[in-house]
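*Asks:* Heads up: the protein sequence lines correspond to chains X and P, in order.
The numbers in full-length UniProt numbering rise by one with no breaks, and the one at position 102 of the first sequence is 102.
The numbers in full-length UniProt numbering rise by one with no breaks, and the one at position 162 of the second sequence is 162.
Just so it is clear, CB atoms sit at the ideal spot from N, CA and C, and this is done for glycine as well.
Sending over a structure as structure tokens; questions will come in a sec.
Number of protein chains: 2
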Amino acid sequence: MTRSKTPEDTRRRILETAERMFAEHGVFSVSNRQISDEAGLGNNTAVSYHFGSKADLVRAIYLSHREPTELLREKLLDRCAGSTDLRDWLTCLVRPFTDHLTSLGANSWYARFTAQLMTEPKLRELGLVEVGQTALQRTVSDSLHRCLPDLPPAVRAERDEMARTLIVHVCARREPGATDDSAALWNATAVGLVDALAGLYEAPATPRD
Amino acid sequence: MTRSKTPEDTRRRILETAERMFAEHGVFSVSNRQISDEAGLGNNTAVSYHFGSKADLVRAIYLSHREPTELLREKLLDRCAGSTDLRDWLTCLVRPFTDHLTSLGANSWYARFTAQLMTEPKLRELGLVEVGQTALQRTVSDSLHRCLPDLPPAVRAERDEMARTLIVHVCARREPGATDDSAALWNATAVGLVDALAGLYEAPATPRD
């Protein structure tokens, strides 16, 4: 007799399966039917029943990671309150992502999923822009900007985009190597990213017209 | 009567169509049959007849951009010979890509194609590693490293990866905006990248065990 499943079990199963398949094959290569099959659900309409459209499913995967990431960010923010050291705020930018990846261990697909989301031309807005920045993310962003009073706002915005791109894509490339000692991998990755981003943000900007 | 086509016309048409479709939908979402249809070729086997496997096709697209990019790199290298200024070598790293994108004008898909190639976990090796660095790329890389004698080799390798990631993904995000004045867009992008990468490479590295 198979163990009876609650709707919550089924939802979680769909989220995990879809995340892995999207990360591996790209969001548009995978149908809801393939996700249902791979998740071992008899019912082909399970995905749309539980999540609605593919956009809703993508957003649900993203949101399932947001709460644990926000908790990590909150703790780091408590430690950095009032700091005017750029590296502290870069730590608040990088570590919630890498520490969350550490907590996911060897079976994480989240970095690759996020990278796919940033690369898919049609999905970028859908997945992240609608969801918006959280209040804590805004605090990190504002505090980081206060450490860079001389950087023209347009250059600052450009470097914010570079920082996000770098964090997500570097982690996505490392993620397949997160096997036995994922904590060491993600710690080294975070150290390398904070060092590099400190240089990236502090670099003088060539004047432009 | 339709204009008769040489095999060279057909090959070029397949390359352009496949590049755009791969850039838009991801390499694994697009079948050879869909490429043949979209390219308006009657024959469904045209792609495999002209290129072989999908891996061969991906490599052929990449190689079709390599010669013009190498010519741009060669010119820049002539101007920088003997320089010990990091920014000169970063210019040789960034500008061949952005200047080639400028020459492609408003209809370029090459940055997004390359970004897909870097993001697809299965394609990364296949597309670029097998092809290898060119002699000119190696010269740029070696000269750049000589400007950073104090950076531990492992950190230097990490930053090389970050630089490649940043150049390709930043350009991929900007490429849809390459409309009327693509030269201005790519010039501003190159200036911003060289500034940011100078800081990224010169940032002190936190000692690691």
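Quick check: what's the CA-CA separation for V194(X) versus E158(P)?
*Replies:* Taking the straight line from one Cα to the other gives about 13 Å.
*Asks:* Tell me which same chain residues have a C-beta within less than 6 Å of the C-beta of T17(P), skipping the five on either side of it?
*Replies:* Excluding residues within five positions, the ones whose Cβ falls inside 6 Å are I35, E38, A39.
*Asks:* Could you please give the first and the last residue of the uninterrupted alpha helix (DSSP H) stretch that includes V30(X)?
*Replies:* Element bounds for V30(X): n/a, residue is neither H nor E.
*Asks:* Along chain P, which residues have their Cβ under 9 Å away from the Cβ of P204(X)?
*Replies:* Going along chain P in sequence order, the residues near P204(X) (Cβ under 9 Å) are D195, A198, G199.
*Asks:* Give the range of the alpha helix (DSSP H) segment to which D78(P) is assigned.
*Replies:* From DSSP, the alpha helix (DSSP H) with D78(P) extends over 54 to 80.
*Asks:* Against chain X, with Cβ distances strictly below 8 Å, would V94(P) count as a contact?
*Replies:* Not an interface residue.
*Asks:* Please decide whether L166(X) counts as near chain P, where near means a Cβ-Cβ distance under 8 Å.
*Replies:* Judged by the 8 Å Cβ criterion, L166(X) is in contact with chain P.
*Asks:* Does G105(P) come out as helix, strand or coil in the three-state DSSP assignment?
*Replies:* Note: G105(P) maps to helix in three-state DSSP.
*Asks:* Using CA coordinates, which residue listed in N43(P), H50(P), L86(P) is at the minimum distance from R12(P)?
*Replies:* Here the closest residue by C-alpha is H50(P).
*Asks:* Mind checking if G132(X) is an interface residue toward chain P, Cβ cutoff 8 Å exclusive?
*Replies:* False, the Cβ-Cβ gap to chain P never drops below 8 Å.
*Asks:* Short check: CB of A188(X) to CB of R208(P), under 8 Å?
*Replies:* Yes.
*Asks:* Please report how far the alpha carbon of A203(X) lies from the alpha carbon of A154(P), in whole angstroms.
*Replies:* Straight-line Cα distance between these residues: approximately 22 Å.
*Asks:* Can you have a look at K54(X) and say buried or exposed, based on whether 16 or more other CB atoms are within 10 angstroms of its CB?
*Replies:* Classification of K54(X): buried, given that the 10 Å Cβ count is 16 or more.
*Asks:* If you measure from the beta carbon of T119(P) to each beta carbon in chain X, is any gap under 8 Å?
*Replies:* By this cut-off, T119(P) is an interface position.
*Asks:* Quick check on this structure: which residue in E120(P), E8(P), G105(P) has the alpha carbon closest to the alpha carbon of A111(X)?
*Replies:* Measuring from the Cα of A111(X), the nearest candidate turns out to be E120(P).
*Asks:* When the distance is taken between beta carbons, is C171(X) closer than 8 Å to H97(X)?
*Replies:* Rather than His, the amino acid found at residue 97(X) in this sequence is Phe. Yes, they are a contact pair.
*Asks:* For W109(P), which of A46(P), A163(P), S31(P), I61(P) has the nearest alpha-carbon?
*Replies:* Residue I61(P) is the option with its Cα nearest to W109(P).
*Asks:* Hey, L185(P) and R173(P): beta-carbon distance below 8 Å or not?
*Replies:* Going by C-beta atoms, L185(P) is not nearer than 8 Å to R173(P).
*Asks:* At 7 Å on the CB atoms, spell out the chain X contacts of A188(P), in chain order.
*Replies:* What A188(P) touches in chain X: R208.
*Asks:* Taking 8 Å as the CB-CB limit, is E74(X) close to chain P?
*Replies:* Answer no: the Cβ-Cβ gap between E74(X) and chain P never drops below 8 Å.
*Asks:* Should N43(X) go down as buried or exposed, given a rule of 16 or more other Cβ atoms within 10 Å for buried?
*Replies:* Flag for N43(X) reads exposed.
*Asks:* Have a look at A198(X), I14(X), E67(X) and flag the residue whose alpha-carbon is nearest the alpha-carbon of R41(X).
*Replies:* The question names Arg, but residue 41(X) in the sequence shown is Leu. With distances taken between Cα atoms, L41(X) lies closest to I14(X).
*Asks:* Say whether chain X places a C-beta atom closer than 8 Å to the C-beta of R20(P).
*Replies:* No, R20(P) lies away from the interface with chain X (no Cβ there is under 8 Å from its Cβ).
*Asks:* Any beta carbon from chain P within less than 8 Å of H25(X)'s own beta carbon?
*Replies:* With 8 Å as the cut-off, H25(X) counts as an interface residue toward chain P.
*Asks:* Go through its chain and collect everything with a Cβ distance to L144(X)'s Cβ below 6 Å, but skip five positions before and after it.
*Replies:* The residues are W89.
*Asks:* Counting only C-beta atoms, is Q137(X) closer than 8 Å to chain P at any point?
*Replies:* Not one chain P Cβ lies under 8 Å of Q137(X).
*Asks:* Closer than 8 Å, Cβ to any Cβ of chain P: which residues of the region 151 to 184 of chain X, in chain order?
*Replies:* For the region 151 to 184 of chain X, which is checked against every Cβ of chain P, the residues closer than 8 Å are V155, E158, R159, E161, M162, T165, L166, H169, V170, A172, R173, P176.
*Asks:* Have a look at E161(P), S48(P), T165(P) and flag the residue whose alpha-carbon is nearest the alpha-carbon of M162(X).
*Replies:* For M162(X), the nearest C-alpha among the options comes from T165(P).
*Asks:* Would a check of beta-carbon distances place F28(P) closer than 8 Å to chain X?
*Replies:* Output row for F28(P): interface = yes.
*Asks:* Can you find a C-beta in chain P that's less than 8 Å from the C-beta of Q34(X)?
*Replies:* Not an interface residue.
*Asks:* Using 8 Å as the threshold, is the C-beta distance between S182(P) and A115(P) below it?
*Replies:* Going by C-beta atoms, S182(P) is not nearer than 8 Å to A115(P).
*Asks:* Measure the C-alpha to C-alpha separation of F22(X) and S83(P) and round it to an integer number of angstroms.
*Replies:* The alpha-carbon atoms of F22(X) and S83(P) are separated by roughly 45 Å.
*Asks:* Please tell me whether A136(P) and E74(P) are closer than 8 Å, where the distance is taken between their beta carbons.
*Replies:* Residue identity differs from the one stated: residue 136(P) is Leu in this sequence, not Ala. It is a contact, given that the beta carbons lie within the stated cut-off.
*Asks:* Cα-Cα, which of A190(X), A205(X), P152(X) is closest to A196(P)?
*Replies:* Minimum Cα distance to A196(P) is reached at A205(X).
*Asks:* Can you give the Cα-Cα distance for T102(P) and S141(X), rounded to whole angstroms?
*Replies:* About 33 Å.
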